[in-house]
Each structure stands twice: as structure tokens, then as C-alpha cells.
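All remarks here apply to the structure that follows.
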Amino acid sequence: MLADQFGMAGLVTYLRTVDNPSIVSLALGYDLTTLGLNLNLSERHLYTSFGGPWADNPIRPHELDVKVPDDYLTNAQIREKLPPVKLNKLSEDVLFYLFYNCPGEVYQLAAACELYQRDWRFHKSDGNWLTRSQYGGVKEQTGSYEKGQYNVFDPLQWRKIPKELKLEYKELEERPKLPAMFGGGGGAAAGSMGTSAPRPAS
């Protein structure tokens, strides 16, 4: 082992005097078990679900690599033959699934447009979709807020929960816009209500 400033002893001496913790971390590295990685698994490869060192979550289910028979790989043959997805024919459950499970994809935006068309509104602070309940209605309404009974979709329980809320219009996301590549339709259709407040659910 080199004993001068270029050896391990010199490196240790240098690191002890460094005030910047980033330099120390860069030199010594991190304990992977403190980053959420279970290294004690013997029958599973981490790369199959590890999203990367900068990812907040593991890989989403539809991004996992799964070995399937070659006969199943039909996407190249039928890709141009499939009819376009008609969002107005999908149930609300499917639209919520697309919105919460395809983040950052065009399908999330398309689902948001169709939900908006069906008079659901996205609450920016709570991260939930809500619509006016057909029971109870609006009890108080001003230019900036309204109070009433609403159905709030809870993605953790995967159900609609009736709640009485004071709804600030500024907390509602505006009408989403679909890119031209998706047809620009769905929730962006003309004739639907404005951005201020949701209608009662049908």
C-alpha cells in the first residue's frame, strides 16, 4: 500500500478533513440498504423492478420485462390494424385506471379529458377527482367557491366517497388539452361545461 498522499492512507487523511459531505459520499459511496434495496433476497434479481437510483418508485407493472411465448408478440403485426380507442365507450373505472397507472403518458391525458367531459374535476391540492353529487346539490355558491355534496374518487380505496366540501374554484385543474396525435377529441369536445365547477354525477 502506498504510504504517500496518493495511497489509501493519504485518501483517508484527506477525507477526514473535508467539510463537504458530498465529496465524502462520492468517495465512500452509500449503503444500498438505506436506499430501499433489499439485498438479502436470494431468488430474485433487483434489476427487474428497480426503477433506478433517482426514481421515487419501483418500475410500474406494465413496464416489467416478462418472458412470454413468441406467438404472443403480435404488436408488430396488428399495430396498424387496431381501431382507435373510443374513450367515451370506456367506464369510469377504466378511465381512472388509465389516469393513475399511466403517469406521463398520453393515455393519462386522454383519460383526464374524458373524465372532464363527464363533469369530473381534478383537485390539484388533494390529487383526487370529484364531481357534484346528485343528492344534496350545491348549498352555497359564490364567484370563487361553492359548498355542497360531492362524490370524491379515492384511488387508494378505489371507490367513490360522498363528502360535503367547500370547493375553491382555483384548486380545480383547468380543462386538459389533448395533443393532435391523439385526435384532439375526448374531453376537449365542444359544448361541455366550463372549468369552474363540476356537474352532478349521472
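Reminder that position 103 of the sequence shown reads as 103 in full-length UniProt numbering, one-by-one numbering, no gaps. All residues carry an ideal CB built from backbone N, CA and C; glycine is no exception.
Taking a contact to require three or more Cβ pairs closer than 8 Å, the stretch 114-134 and the stretch 166-173 qualify as touching. By the CB criterion at 8 Å, Y150 and E168 fall outside the cutoff. Here L82 is exposed, its C-beta having fewer than 16 other C-beta atoms within 10 Å. Checking the DSSP bridge columns, you'll see D154 partnered with R159. One thing to note: G127 has its Cβ no nearer than 8 Å to the Cβ of V138. For V12, the enclosing alpha helix (DSSP H) stretches over residues M8 to T17. Contact annotation, P155 with Y100: C-beta distance approximately 5 Å; criterion of less than 8 Å satisfied.
Taking the C-beta atoms as reference points, L165 is found no nearer than 8 Å to A110. Ranked by how close their Cα comes to the Cα of T131, the residues T17, D93, I78 and K160 have K160 in first place.
The alpha-carbon of N40 is positioned some 13 Å away from that of T34. If you draw a 10 Å sphere on the C-beta of W54, you find fewer than 16 other C-beta atoms in it, and that means exposed.
At the C-beta level, N88 and E105 stay beyond 8 Å of one another. Counting along the chain, L130 sits inside the beta strand (DSSP E) bounded by residues N128 to R132.
Exposure of S91 is indicated by the presence of fewer than 16 other C-beta atoms within 10 angstroms of its C-beta.
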